[in-house]
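First up is the structure itself, then whatever we jot down about it.
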Amino acid sequence: MKARYLTAATLAAVIAVAGCSSSKSTGSSTTPTASAPAAGASTPAAAASTPAAASTPVAAGGSGTLTVWLQTDAQTGWPKEVAAAQTAFNAKYPNVKVDVQYQTWADHLTKLDAALAASPPDVVELGNTETTKYMADGALADISADKSKFDNSGTWLKGLADSVTYNGKTFGVPYYAGARGVIYSTAAFTQAGITAPPTTLAELQADGDKLKAVIPSTQSALYWPGKEWYGAMSFVYGYGGDIASNASGKWVADLEQPNAVAGLTELKTLYSDLSKAPADIDESKQDSAMAQGQAAMIYGNGWEEGSVNDPKTGNPALKIDAFPMPGKDAGSPLPTFLGGSDLVIPAASSHVAWAEEWINDFTGTTGMTALVNDAKVIPNTTSLISLLGNSPFAAAAAQSWFVPTAPNWADVESQNVLQNMLSSILSGKQSIPDATKAADSQINTILNGS
Amino acid sequence: MAAVGTELQPSRRQLTPRRRLPLRQRAAKVGGPYLLILPSVVIILAVLAYPIYKLFELSFQTYQLPQLIHESHHKLGKAPVWVGFANFTKVFEDSQFWTVLWRTIMFTAVNVGATMVLGTAIGVLLTKMSKPLRVVLSVVLILVWATPQVVGITIWNWLFDQQFGVINYTLTKLHLGHFVGHDWYTSSWQGFLVVTCVVVWGAIPFVAITMQAALTQVPDEILEAAAVDGASGLQAFRRITYPMLRPILVILTSLSVIWDFQVFTQIYILRDNRPEPWYYLMSIFSFIESFKVHNFGLGAALSLITMLIMVSVSVFYIRQILRIGDAK
Numbered sequence: 001m002k003a004r005y006l007t008a009a010t011l012a013a014v015i016a017v018a019g020c021s022s023s024k025s026t027g028s029s030t031t032p033t034a035s036a037p038a039a040g041a042s043t044p045a046a047a048a049s050t051p052a053a054a055s056t057p058v059a060a061g062g063s064g065t066l067t068v069w070l071q072t073d074a075q076t077g078w079p080k081e082v083a084a085a086q087t088a089f090n091a092k093y094p095n096v097k098v099d100v101q102y103q104t105w106a107d108h109l110t111k112l113d114a115a116l117a118a119s120p121p122d123v124v125e126l127g128n129t130e131t132t133k134y135m136a137d138g139a140l141a142d143i144s145a146d147k148s149k150f151d152n153s154g155t156w157l158k159g160l161a162d163s164v165t166y167n168g169k170t171f172g173v174p175y176y177a178g179a180r181g182v183i184y185s186t187a188a189f190t191q192a193g194i195t196a197p198p199t200t201l202a203e204l205q206a207d208g209d210k211l212k213a214v215i216p217s218t219q220s221a222l223y224w225p226g227k228e229w230y231g232a233m234s235f236v237y238g239y240g241g242d243i244a245s246n247a248s249g250k251w252v253a254d255l256e257q258p259n260a261v262a263g264l265t266e267l268k269t270l271y272s273d274l275s276k277a278p279a280d281i282d283e284s285k286q287d288s289a290m291a292q293g294q295a296a297m298i299y300g301n302g303w304e305e306g307s308v309n310d311p312k313t314g315n316p317a318l319k320i321d322a323f324p325m326p327g328k329d330a331g332s333p334l335p336t337f338l339g340g341s342d343l344v345i346p347a348a349s350s351h352v353a354w355a356e357e358w359i360n361d362f363t364g365t366t367g368m369t370a371l372v373n374d375a376k377v378i379p380n381t382t383s384l385i386s387l388l389g390n391s392p393f394a395a396a397a398a399q400s401w402f403v404p405t406a407p408n409w410a411d412v413e414s415q416n417v418l419q420n421m422l423s424s425i426l427s428g429k430q431s432i433p434d435a436t437k438a439a440d441s442q443i444n445t446i447l448n449g450s
Numbered sequence: 451m452a453a454v455g456t457e458l459q460p461s462r463r464q465l466t467p468r469r470r471l472p473l474r475q476r477a478a479k480v481g482g483p484y485l486l487i488l489p490s491v492v493i494i495l496a497v498l499a500y501p502i503y504k505l506f507e508l509s510f511q512t513y514q515l516p517q518l519i520h521e522s523h524h525k526l527g528k529a530p531v532w533v534g535f536a537n538f539t540k541v542f543e544d545s546q547f548w549t550v551l552w553r554t555i556m557f558t559a560v561n562v563g564a565t566m567v568l569g570t571a572i573g574v575l576l577t578k579m580s581k582p583l584r585v586v587l588s589v590v591l592i593l594v595w596a597t598p599q600v601v602g603i604t605i606w607n608w609l610f611d612q613q614f615g616v617i618n619y620t621l622t623k624l625h626l627g628h629f630v631g632h633d634w635y636t637s638s639w640q641g642f643l644v645v646t647c648v649v650v651w652g653a654i655p656f657v658a659i660t661m662q663a664a665l666t667q668v669p670d671e672i673l674e675a676a677a678v679d680g681a682s683g684l685q686a687f688r689r690i691t692y693p694m695l696r697p698i699l700v701i702l703t704s705l706s707v708i709w710d711f712q713v714f715t716q717i718y719i720l721r722d723n724r725p726e727p728w729y730y731l732m733s734i735f736s737f738i739e740s741f742k743v744h745n746f747g748l749g750a751a752l753s754l755i756t757m758l759i760m761v762s763v764s765v766f767y768i769r770q771i772l773r774i775g776d777a778k
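Printed below as a string of structure tokens:
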């Protein structure tokens, strides 16, 4: 009997493990496998694209493969510019194959981590809030010595340039930025008798109330997905608060402070009055929500105007326009989050010279001019902002805020601390003081952790 | 299975030769089975033993992003540091761990309970219904079983969709409340109700079909004899059917516990790849710690703890399997 238990226990170990691996592998087609972290093989892209072993970094000529990871925004928004960069690059390096692989925001960091442990790509697009951890941990190549080789490196947009600088060294090249503004349906505004965009938040709410009287009952006057943390933090900064500050080397989260709470209170008032969007979804589908007639206004990025009117995925018939999100007082609009992307080179890349060349072909004056004209993004350099004319998004970018530059900030984002806090607040699950206090203690732990 | 075993044993004993075999045959007899089992041993070592060894190693190390970079580029990053039981101490001191563990246990209890009760009920139903109906129900069960997990979850997600979900529509039309635009995930109780639906839905076919197969093994003669002796239906089930089904029930329950304790995909997809902390189960908690927070050592410790819990549950399963194998 005893022996039977012993055998059972041993076999049990095997079964438990087998059960474990089988139950997880079933979902592997869409979710990252949760097996041992060392198994870097879970990134097929990285494994398959190992550059030919023979290729060595040579200044000119040479042959091999340059692997580039861009986000899908480029694939859907500006494929022409990606192709143009490739043509320009291949004019100089005819024997180098550029392999552009597209990644999604939801899981690109998990894939990057796995690739860093094995054979990383040569160029990677990172969100400007994601770079600090990788710079601090030594994952990226220091390109300070070559900075002057990049077009416009003296006039790079500050919000982006800061995000590729760590301890005075440069670890990447700004790619593009985006600012948010209120995108609205001109027909709905006319119908509600609104003749001029609101200049204060109080006016915005009053206009929203007028819209509610004329729009269908399923439509939100202001469609605000609860987890839209970039927009929510604009209220925090607009009311004089901030997410976290650095006091003599220690990070302190400030969301429970009165100014931040006042901003979030205003947001909750607007949300309860004007939005029918769920409290627990993020902003990724708000453009299609508007195209489908669920929103008279959204607080969106400049390029979302294009996707609302997209002939394939949007509604080209919907007439829209935009204005900067107003603030508490007239004349001082709510600061917008200066979101954006950078292009970085992993320290383990064996093609740094090619990578730098390709990046400059893509984000230099020629490439950037085409990108701005085509996709209306905010360029990586102040010298090209004039291309946008008097766009409300370019105007909004003048007043911007940025996330705390703590090495661990990316962990606050990947754990969705702010999204979950907002979802709790806007759904009424938690009061603003309780939710901000809980988020603050989480942020303090993350930012000051080793 | 048991019956077959007892029948075969005497004859096998008679056939066993007493004399020594020639050397070559003896060698084949000894080596043959090992040769046959070799491929599976190699595969198990490659896909299970090595990852588990790594898991053990990681759980005693500080292993974060710099160590990950160091893995194949020794000039970069930092080498892993051995920290003894520090990761485990940190886990046990973390109140979130205890919340998640308790939630996982409750979740498993509810899901296994619901799966077993509904599965057994449908299994019994299958044996009682007319043949055409049985065929229809069996086909439906097989189809559920054959639906790829991710596809099934996505369909459930649409059913419970806040805006376009047919559940909200139907409940409102039936005047069971105002469900227009109702968000099922705001309250974690309702959210877990949806998760439970998805998990139990996917688990019922296996239990129901296995139970039906087991029920057909209960001889009608015994039940008839019991009826003649004046036993009621409930008495017959308790005294005859249940003891005969017990081994199968133990196996199904322990397997369900193992599966439900590790639920990951359902929640991960229903919550749009970004589960909120109040939807964390052990598997998700460990995944987030490892792959989102880059604290692979801590994540490995969490996985190891989950694994040890599973091992203790599996003892029941294996003991039952061995009992059936013994067939004394």
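Protein chains in written order, with my numbering: chain L, 1 to 450; chain B, 451 to 778. Backbone N, C-alpha and C fix where the C-beta goes; we use that ideal spot for every residue, glycine too.
Let's test the definition: count the other Cβ atoms within 10 Å of the Cβ of S764 (chain B) and tell me whether it reaches 16, buried, or not, exposed. buried
For M732 (chain B), does the three-state DSSP call read helix, strand or coil? helix
Roughly how many angstroms lie between the CA atoms of L754 (chain B) and L551 (chain B), to the nearest whole one? 13 Å
DSSP three-state call for W156 (chain L): helix, strand or coil? strand
Using the beta-carbon of each residue, which ones in chain L are nearer than 9 Å to E726 (chain B)? D280, N416, Q419, N420, S423, S424
Using a Cβ-Cβ cutoff of 8 Å, what residues of the stretch 128-157 of chain L are near chain B? List them in chain order. K133, Y134, D137, G138, A139
Nearest to T67 (chain L) by CA position, among L:W354, L:N380, L:A244, L:T436, is which residue? L:W354
Amino acids of chain L, ordered along the chain, whose beta-carbon sits closer than 7 Å to that of H523 (chain B): A348
If we cut at 8 Å on Cβ distances, does A118 (chain L) have a partner in chain B? yes
Kindly give me the distance between the Cβ atoms of L384 (chain L) and G172 (chain L), rounded to whole angstroms, as I take these residues to be in contact under 8 Å. Going by Cβ atoms, the distance from L384 (chain L) to G172 (chain L) rounds to 19 Å, so no, they are not a contact pair.
Within chain L, the residues that G680 (chain B) reaches when beta carbons sit closer than 9 Å: Going along chain L, no residue has its Cβ under 9 Å from G680 (chain B), so there is no contact; the nearest lies around 38 Å.
Beta-carbon contacts of S400 (chain L) that lie in its chain and below 8 Å, excluding the five residues immediately before and after: G159, A179, P335, T336, F337, L338
Any C-beta of chain B sitting closer than 8 Å to the C-beta of S275 (chain L)? no
Between the stretch 272-282 of chain L and the stretch 433-446 of chain L, are three or more C-beta pairs nearer than 8 Å? no
Beta-carbon neighbours of N607 (chain B), restricted to chain L and to distances below 9 Å: Here the premise fails: no neighbours, minimum Cβ distance about 12 Å.
So with CB distances below 8 Å, who are the chain B contacts of T110 (chain L)? F741, K742
E125 (chain L) lies in the beta strand (DSSP E); which residues open and close that run? 123-127
Min CB distance Q612 (chain B) to chain A below 8 Å: No chain A appears in the structure shown, which is made up of the protein chains L and B.
Do the stretch 548-565 of chain B and the stretch 146-157 of chain L make contact, defined as three or more Cβ pairs closer than 8 Å? no
Does DSSP classify A348 (chain L) as helix, strand or coil? coil
What does a CB cutoff of less than 6 Å around M421 (chain L) pick up in its chain, not counting 5 residues either side in sequence? A435, A439
Of all the options L:V412, L:I425, L:Y175, L:A145, which has the alpha carbon lying nearest to the alpha carbon of S441 (chain L)? L:V412
With DSSP collapsed to three states, give me the class of M297 (chain L). strand
Please report the straight-line C-alpha distance between G634 (chain B) and Q662 (chain B), rounded to a whole angstrom. One detail in the question is off: residue 634 (chain B) reads as Trp in this sequence, not Gly. Approximately 34 Å, taken between the alpha carbons.
Taking the beta carbon of T190 (chain L) as the centre, do at least 16 other beta carbons fall within 10 Å, making it buried, or is it exposed? exposed
Can you check whether the C-beta of Y635 (chain B) is within less than 8 Å of a C-beta belonging to chain L? yes
Tell me the DSSP bridge mates of Q103 (chain L)? L:Q71
What residues from the stretch 516-542 of chain B come within 7 Å of chain L, judged by C-beta to C-beta, listed N to C? P516, L518, I519, E521, S522, H523, L526, G527
Which one or two residues does DSSP pair with I378 (chain L) in a beta bridge? L:A177
List, in order along the chain, the chain L residues whose C-beta lies closer than 9 Å to that of I617 (chain B)? Ordered by position in chain L, no residue passes the 9 Å Cβ test against I617 (chain B), which lies about 15 Å from the chain.
Sheet register partners of A499 (chain B) (DSSP bridge): Its beta-bridge partners do not exist; DSSP assigns none.
Buried versus exposed, by CB contacts within 10 Å (16 or more), N745 (chain B): buried
In its own chain, which residues sit with a C-beta less than 6 Å from the C-beta of S427 (chain L), not counting the 5 before and 5 after it? A279
Looking only at its chain, what residues have a beta carbon closer than 7 Å to the beta carbon of L673 (chain B), apart from the 5 residues adjacent to it on each side? A686, I690
Alpha carbon to alpha carbon, what distance is there between Y93 (chain L) and L418 (chain L)? 45 Å
Would a C-beta distance cut-off of 8 Å place A348 (chain L) and P120 (chain L) closer than the cut-off? yes
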